[in-house]
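A.B. asks:
There are 2 protein chains.
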Amino acid sequence: MLNFNLHFPTRICFGRGKIEELGREISRYGNKVLLVYGQGSIKRNGLYEQVLQIFRDNSIAHVEVSGVQANPRISSVRQGAELCKKNDIHLVLAVGGGSTIDCAKIIAAGAGYEGDPWDFFTGRARISHALPVGAVLTLAATGSEMNSNAVISNDETAQKLGTASSALIPRFSILDPEYTFSVPPAQTAAGTIDIMSHVFEQYFSPTPDTFIQDRLAEAMLKTCIHYGPIAMAEPDNYEARANLMWAGSLALNGLLKAGKHTDWATHGIEHEISALYDVTHGLGLAILTPHWMRYVLDSRTAPQLAEYARNVWNLEGEEMALARAGIEKTAEFFKSLNLATSLSAIGVEENRLAEMAVKATSGGALGSFKKLEYQDVLNILQAAYAG
Amino acid sequence: MLNFNLHFPTRICFGRGKIEELGREISRYGNKVLLVYGQGSIKRNGLYEQVLQIFRDNSIAHVEVSGVQANPRISSVRQGAELCKKNDIHLVLAVGGGSTIDCAKIIAAGAGYEGDPWDFFTGRARISHALPVGAVLTLAATGSEMNSNAVISNDETAQKLGTASSALIPRFSILDPEYTFSVPPAQTAAGTIDIMSHVFEQYFSPTPDTFIQDRLAEAMLKTCIHYGPIAMAEPDNYEARANLMWAGSLALNGLLKAGKHTDWATHGIEHEISALYDVTHGLGLAILTPHWMRYVLDSRTAPQLAEYARNVWNLEGEEMALARAGIEKTAEFFKSLNLATSLSAIGVEENRLAEMAVKATSGGALGSFKKLEYQDVLNILQAAYAG
Chain A
78 MLNFNLHFPT RICFGRGKIE ELGREISRYG NKVLLVYGQG SIKRNGLYEQ VLQIFRDNSI
138 AHVEVSGVQA NPRISSVRQG AELCKKNDIH LVLAVGGGST IDCAKIIAAG AGYEGDPWDF
198 FTGRARISHA LPVGAVLTLA ATGSEMNSNA VISNDETAQK LGTASSALIP RFSILDPEYT
258 FSVPPAQTAA GTIDIMSHVF EQYFSPTPDT FIQDRLAEAM LKTCIHYGPI AMAEPDNYEA
318 RANLMWAGSL ALNGLLKAGK HTDWATHGIE HEISALYDVT HGLGLAILTP HWMRYVLDSR
378 TAPQLAEYAR NVWNLEGEEM ALARAGIEKT AEFFKSLNLA TSLSAIGVEE NRLAEMAVKA
438 TSGGALGSFK KLEYQDVLNI LQAAYAG
Chain B
78 MLNFNLHFPT RICFGRGKIE ELGREISRYG NKVLLVYGQG SIKRNGLYEQ VLQIFRDNSI
138 AHVEVSGVQA NPRISSVRQG AELCKKNDIH LVLAVGGGST IDCAKIIAAG AGYEGDPWDF
198 FTGRARISHA LPVGAVLTLA ATGSEMNSNA VISNDETAQK LGTASSALIP RFSILDPEYT
258 FSVPPAQTAA GTIDIMSHVF EQYFSPTPDT FIQDRLAEAM LKTCIHYGPI AMAEPDNYEA
318 RANLMWAGSL ALNGLLKAGK HTDWATHGIE HEISALYDVT HGLGLAILTP HWMRYVLDSR
378 TAPQLAEYAR NVWNLEGEEM ALARAGIEKT AEFFKSLNLA TSLSAIGVEE NRLAEMAVKA
438 TSGGALGSFK KLEYQDVLNI LQAAYAG
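So the sequence lines, in the order shown, correspond to chains A and B.
Here the numbering used here is used: the first residue of the first sequence is 78, the next is one more, and so on.
Here the numbering used here is used: the first residue of the second sequence is 78, the next is one more, and so on.
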């Protein structure tokens, strides 16, 4: 186990009707809010009007950025940061999924920065402070509601890049599983796989003796495998939605990576796909993950992949065969969620795979469980293209 | 799953040599510290001198309360609270195990209270504020380093009572597994069982559909079962000590109880034993737990006890038989750690069992997994007495 520092500053308000605590949480930070939301689903389901009523009841003034996209654009960030500066905003409130929260985070950082917020992604500027961020979550997937990360896309440069700072961690997050009842099956599947992928990226690691972290990771994987199909079949099954929502937050709040080297190669590759094609992140991960697993399997990584097969899928067998069986179980599970299983099926063009592999490895090899150079990434992309 | 609010304000500094961050952590709160420690083991292993050097290097003034006992006494609390008032202390630093941290917490609350700190336990006063508390942990057991709880004994009234307040949660905790290398096998066993008991008290619950919490609980139980015996046999096995230390913090920081009713009957009974006999808490729990499990087993509780047997001990079988097998595995495991297995063996007198049962249920029935009235508690105590 490696040394680590860990701090979870987010106040979690979890459960039915917890929106009633929104006014109190905001009031810890002030009374001028920038409300950030997406494509209007919160207007259709009544949440928008509920939030506005809470603003009125608590004498909270607000301005808005709406239309945040599934892969949030730097243009929305720029617009929000300007509004914060003009209106002397005290808190940026995201109401939506991970994309909306990511966008709100960088708006909050941009509010106190004179330059262009894209600088935070190119390395030209570091985020050392930000306005407080709060979140009302409507999708179980990214874990952004409890962590320091944000991923933003730039259409002009065809880049999708991430950054992280403890200043970005939401001060509070309201997690009401009922808000995810209206998430359609395909998006529920993509969200479930996004959560599983976050766990995989931290579970498969070269760091030895991380027993407790690994058992915690398996707990979250089992939760996704158990409840993902239930939430797809019964969209308003509260317990399924609640377990998935809490798994999403716990999977990427720092708990699983504490004391370990992490991998993140699959995410690195997927970001290049969704930068070019605006693919749903979880769908891209679903296609890539089994191919990544097959590619990294060797005599050195087999023990951990076999342990995964044994502890998560209850399989038995000789180590290498067991590892392979666990990988195929994973692929079967993803397929059972009715998601596409090849990059070709989602419109990715074969002649752009090399370009993605170049960009994915432009900062050096990906991953730590097994280091992946350009040719490795291209091999994985080609296998995922064929499916 | 029930609604919940959750907040982990403690900054965790985990690993070898993390004491080097102590000066920086203290300096967030001021430069006048009350140092609280126990029976002097930190003087023998050099930690005391190391802490004093850090105080000197960071211009931190300090006064001391030493001699805090394994079941910390209200007399130490009173002494510490007085010192805080007299010396305008900014932070109370506990260096030791859970008892020392518990003592430091109530000192910190008492520092801002005009009356007697025992009032916090009798219900005469509520803790709404306290000086900041920091901890350097030297024993993996109670989880006090990351939670709001404190248990204090009062010799005059022969009471051992607990209280909790978010104001008591340590602002930072330094967790260096090497500090636990010198913990002798019997105490290592007691600490491991204390951790397991904290998990049991939250794992066995009448709340349905707490899948993720239950899998997380099993992760922690497996960690204790795997590493407890290793840490006893190889006291300086870093990985065993590290996994146990982190399990101890995670087992009682709020994560496992979030969304559930919890039980705490076994702890309630054990507190009456150690209030009268100054028994090591984990030893008392080791004796009581299998008897509690046997007593609460019925057709309603069998499914959960069977799930425990299946998921933690990898047993199979028909539900009631499986539940019984899991309980006996638990008893065997505790026995394998060379701890006493009956109350008679540790000097408890049979003619005081009724008195303990009366006191344990003086506030009403214990537990939620199965409610225990006076006669139930007495039955468990009698079974545990015989062993």
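Glycine included, C-beta positions come from ideal geometry on N, C-alpha and C.
Keep in mind the model is a prediction, meaning the values are calculated, not measured.
At which residue ranges does the region 390-416 of chain A contain complete alpha helix (DSSP H) runs of 4 or more residues, listed in the order of the chain?
C.D. replies: You should have 396-413.
A.B. asks: For the region 136-166 of chain A, which residues have a beta carbon sitting closer than 8 Å to at least one beta carbon of chain B?
C.D. replies: Here the close residues number zero.
A.B. asks: Can you list the residues of chain B that M297/A reaches, using a CB-CB cut of under 9 Å?
C.D. replies: Going along chain B in sequence order, the residues near M297/A (Cβ under 9 Å) are I289, R292, L293.
A.B. asks: Taking the alpha-carbon positions, what's the S421/B to E427/B distance?
C.D. replies: Distance between the alpha carbons of S421/B and E427/B is about 7 Å.
A.B. asks: Across which residues does DSSP place T240/B in a beta bridge pair?
C.D. replies: The partner list for T240/B (beta bridge, DSSP) reads A227/B.
A.B. asks: Assign R105/A to one of two classes, buried (16 or more other C-beta atoms within 10 Å of its C-beta) or exposed (fewer than that).
C.D. replies: Exposed, by the Cβ-count rule.
A.B. asks: When DSSP builds the beta bridges, which residues end up paired with H139/A?
C.D. replies: Looking at the DSSP assignment, H139/A forms a beta bridge with V110/A.
A.B. asks: When you compare only the Cα positions, how much space is there between I246/A and H139/A?
C.D. replies: Near 21 Å, if we compare the C-alpha coordinates of H139/A and I246/A.
A.B. asks: So, is the C-beta of G336/A closer than 8 Å to a C-beta in chain B?
C.D. replies: Yes - at least one Cβ of chain B is within 8 Å of the one on G336/A.
A.B. asks: So, D149/A versus S118/A, is the Cβ gap smaller than 8 Å?
C.D. replies: One detail in the question is off: residue 149/A reads as Pro in this sequence, not Asp. No, the Cβ-Cβ distance between P149/A and S118/A is not below 8 Å.
A.B. asks: Just mark V454/A as buried or exposed, buried being the case when its beta carbon has 16 or more other beta carbons within 10 Å.
C.D. replies: V454/A should be labelled buried.
A.B. asks: What is the rounded straight-line gap between the Cα of E384/A and the Cα of E126/A?
C.D. replies: If you take the alpha carbons of E384/A and E126/A, they lie about 48 Å apart.
A.B. asks: If we require 3 or more residues per run, which beta strand (DSSP E) segments fall completely within the region 242-271 of chain A?
C.D. replies: DSSP runs (the beta strand (DSSP E)) wholly in the region 242-271 of chain A: 249-252.
A.B. asks: Give me whichever residues DSSP pairs with A212/B in a beta bridge.
C.D. replies: Paired residues: A171/B, S250/B.
A.B. asks: Tell me the DSSP bridge mates of F85/A?
C.D. replies: F85/A pairs with F85/B.
A.B. asks: So the alpha helix (DSSP H) K120/A belongs to, where does it begin and stop?
C.D. replies: Element bounds for K120/A: 118-121.
A.B. asks: Assuming the contact rule is C-beta atoms closer than 8 Å, N226/B and G239/B should be a hit. Round their C-beta distance to whole Å, please.
C.D. replies: Correct: roughly 6 Å between the Cβ atoms.
A.B. asks: In chain A, what lies closer than 7 Å to H303/B by C-beta?
C.D. replies: By Cβ distance, chain A contributes F288.
A.B. asks: Tell me which same chain residues have a C-beta within less than 6 Å of the C-beta of A267/B, skipping the five on either side of it?
C.D. replies: Same-chain partners within the cutoff: T357, G359, L360.
A.B. asks: Since L382/B and I364/B are thought to touch, with beta carbons under 8 Å apart, how far apart are those beta carbons, to the nearest angstrom?
C.D. replies: At roughly 19 Å, the Cβ-Cβ gap does not stay under 8 Å, so L382/B and I364/B are not in contact.
A.B. asks: Please report whether the beta-carbon of C180/A lies at a distance below 8 Å from any beta-carbon of chain B.
C.D. replies: C180/A does not count as touching chain B.
A.B. asks: Return helix, strand or coil for F281/B, following the three-state DSSP convention.
C.D. replies: Coil, per DSSP.
A.B. asks: Just to confirm, are S282/B and T339/B a CB contact at a threshold of 8 Å?
C.D. replies: Contact flag set, yes.
A.B. asks: Counting beta carbon pairs with one atom in the region 199-213 of chain A and one in the region 159-168 of chain A, are three or more of them shorter than 8 Å?
C.D. replies: Yes, the region 159-168 of chain A touches the region 199-213 of chain A.
A.B. asks: Please list, in chain order, all residues of the same chain as K436/A whose beta carbon is under 7 Å from its beta carbon, the five residues on each side excluded.
C.D. replies: Answer for K436/A: E349, listed in chain order.
A.B. asks: I want to verify the contact list: residues of chain A whose CB lies under 9 Å from the CB of M78/B, in sequence order.
C.D. replies: Those within 9 Å of M78/B in chain A are F91, G92, P254, Y315, E316, A319, N320, W323.
A.B. asks: Taking the beta carbon of G94/A as the centre, do at least 16 other beta carbons fall within 10 Å, making it buried, or is it exposed?
C.D. replies: Flag for G94/A reads exposed.
A.B. asks: Report the residue from M297/B, A324/B, I289/B, E311/B whose alpha carbon sits nearest the alpha carbon of A317/A.
C.D. replies: It is I289/B whose Cα lies nearest to the Cα of A317/A.
A.B. asks: F81/B versus chain A: which residues are under 7 Å apart at the beta carbon?
C.D. replies: Chain A residues near F81/B: F91, G92.
A.B. asks: How far does the alpha helix (DSSP H) with L443/B in it reach, from first residue to last?
C.D. replies: It is not in any alpha helix (DSSP H) - L443/B carries neither H nor E in the DSSP assignment.
A.B. asks: Need the endpoints of the alpha helix (DSSP H) that E316/B sits in, please.
C.D. replies: Unbroken alpha helix (DSSP H) run through E316/B: 315-328.
A.B. asks: Under a three-way DSSP split, which group does L77/A fall into?
C.D. replies: The requested residue 77/A is not part of the displayed model; chain A covers only 78 to 464.
A.B. asks: Measure from the C-beta of F85/B to each C-beta in chain A and report whether the shortest distance is under 8 Å.
C.D. replies: For F85/B, the answer is yes, since a Cβ of chain A falls inside 8 Å of its Cβ.
A.B. asks: Rounded to the nearest angstrom, what separates L327/A and L416/A at their Cα positions?
C.D. replies: C-alpha separation (whole angstroms): 24 Å.
A.B. asks: For R88/B and chain A, any beta-carbon pair shorter than 8 Å?
C.D. replies: With 8 Å as the cut-off, R88/B counts as an interface residue toward chain A.
A.B. asks: Return helix, strand or coil for R133/A, following the three-state DSSP convention.
C.D. replies: It is helical.
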